[in-house]
Amino acid sequence: MSAGSLVLKGVTALVGITAVLFVAATPHHGVHVEKESWSFQGFFGKFDKAQLQRGFQVYNEVCAACHSLDLVHYRNLTEIGLTEAQVKEVAAAVTVVDAMPDENGDPVERPGLPSDPFKAPFANEQAARASNNGALPPDLSLIARSRAGAGFGAHEGADYLHGLLTGYQEPPAGFELADGMQYNEGFLGFQIAMPNPLSDGGVTYADGTEATVDQQARDVSAFLTWAGEPNYENRIYTGMKAMLFLIVFTLIAYAVKRRVWAKIH
1 MSAGSLVLKG VTALVGITAV LFVAATPHHG VHVEKESWSF QGFFGKFDKA
51 QLQRGFQVYN EVCAACHSLD LVHYRNLTEI GLTEAQVKEV AAAVTVVDAM
101 PDENGDPVER PGLPSDPFKA PFANEQAARA SNNGALPPDL SLIARSRAGA
151 GFGAHEGADY LHGLLTGYQE PPAGFELADG MQYNEGFLGF QIAMPNPLSD
201 GGVTYADGTE ATVDQQARDV SAFLTWAGEP NYENRIYTGM KAMLFLIVFT
251 LIAYAVKRRV WAKIH
């Protein structure tokens with residue numbers, strides 16, 4: 001077998017292995033998850049900033065009443081298209097406790113700054129449980145990523161969230177629903193403590209988009225996918241550049257081989 005054939009076989013194997021790593025298997029949640037179409041899905045996917053802004057609005061006006069977003073800072077909102085002035089306005093709408101106490105050692109409250117992380121709705125876990133009948137609302141920073149597959153599977157986390165948010169229904173006949181629980185076809189066990197947070201027209205989108213339950217669920221699912229992996233697009237582009245480099249390098253190596261071995265033969 002010639003050196004050229006070995007090089008070509010090596011490239012083929014490399015591409016095959018890479019493809020296997022990039023194709024994500026559907027994570028098993030014990031429930032059926034409908035596959036949706038997302039702008040960030042696939043090898044050339046990217047986030048729709050208008051959708052991310054609508055999703056942030058849903059989170060801010062609906063989800064933030066119970067769920068924290070500890071790993072995201074207000075300044076990160078510039079990455080979804082908000083201006084610095086808008087970010088300052090969003091941050092200043094909340095009151096936070098400053099890291100430095102006053103001269104008497106008492107805590108100092110101040111308006112939020114772009115450098116602050118998103119303010120949590122509760123002071124601690126005990127307060128969160130007390131306000132939610134003993135249930136602890138999870139932090140949503142990594143909720144989409146934790147439900148996603150490997151490689152380019154970030155859309156699977158969005159599929160899961162969309163399915164859960166649109167999965168509230170009346171329980172079927174004979175289904176025993178525990179006290180304080182809601183029936184949800186998108187949740188493991190079909191019983192969830194969180195009441196349905198979305199309703200048609202529950203928010204008024206700044207861009208005029210009709211705020212149906214499905215639209216709100218799609219938008220906030222996309223936003224939480226971005227929140228869990230804001231460098232998603234850069235990761236894809238880096239992978240593309242790496243593959244392009246390997247292809248060009250292999251072609252150059254093959255051309256050099258042909259030139260060197262031509263003199264020997």
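Using full-length UniProt numbering, read the sequence shown as starting at 1 and increasing by one per residue. All residues carry an ideal CB built from backbone N, CA and C; glycine is no exception. These figures come from a predicted structure and were not determined experimentally.
Aspartate 219 counts as buried, since no fewer than 16 other beta carbons sit within 10 angstroms of its beta carbon. By the neighbour-count definition (other C-beta atoms within 10 Å, threshold 16), isoleucine 264 is an exposed residue. Where glutamate 89 is concerned, the enclosing alpha helix (DSSP H) starts and stops at 84 to 92. Counting along the chain, no alpha helix (DSSP H) covers valine 31, and no H or E run does either.
In terms of CA proximity to alanine 148, Asp159 leads the group Arg129, Thr166 and Asp159. Minimum Cα-Cα distance from glutamate 36 among the listed residues Gly163, Ala64 and Phe44 corresponds to Gly163.
In the displayed model, glutamate 229 falls within coil according to three-state DSSP, outside both helix and strand.
By the Cβ-count criterion, glutamine 216 is buried, with 16 or more other Cβ atoms from all chains shown falling within 10 Å of its own Cβ. Per DSSP, glutamine 53 has no beta bridge partner at all. Just measuring C-alpha positions, the residue of Gly174, Phe43, Val256 and His32 sitting nearest methionine 243 is Phe43. Listed in chain order, the non-local C-beta contacts of phenylalanine 118 below 6 Å within the same chain comprise Leu69 and Val72, local neighbours out to five positions each way being set aside. Per DSSP, the beta-bridge partners of tyrosine 183 are Gln191. In this structure, histidine 155 places its C-beta atom within 9 Å of the C-beta atom of tryptophan 38. The segment 183 to 191 and the segment 47 to 67 do not touch, with fewer than three beta-carbon pairs separated by less than 8 Å. Inter-segment contact for the segment 75 to 91 and the segment 45 to 52 is present: three or more beta-carbon pairs are separated by less than 8 Å.
Counting C-beta atoms within 10 angstroms of its own C-beta, histidine 32 has fewer than 16 neighbours from the protein chains shown and is therefore classed as exposed. Less than 9 Å divides the Cβ of alanine 144 from the Cβ of glycine 157. In the DSSP assignment, glutamate 61 is bridged to no other residue.
In the DSSP secondary-structure assignment, glutamate 109 is bridged to Val97. By the Cβ-count criterion, valine 108 is exposed, with fewer than 16 other Cβ atoms from all chains shown falling within 10 Å of its own Cβ.
In the DSSP assignment, proline 117 forms a beta bridge with His73. Between the alpha carbons of glutamate 61 and glycine 105 lies a gap of roughly 34 Å. Tyrosine 168 is bridged by DSSP to Asn184. The alpha-carbon separation between alanine 135 and threonine 250 amounts to approximately 56 Å.
The criterion of a C-beta distance shorter than 9 Å is not satisfied by alanine 91 and proline 121. Rounded to whole angstroms, the separation of the alpha carbons of threonine 166 and glutamine 182 is 13 Å. For glutamine 41, the three-state secondary structure derived from DSSP is coil.
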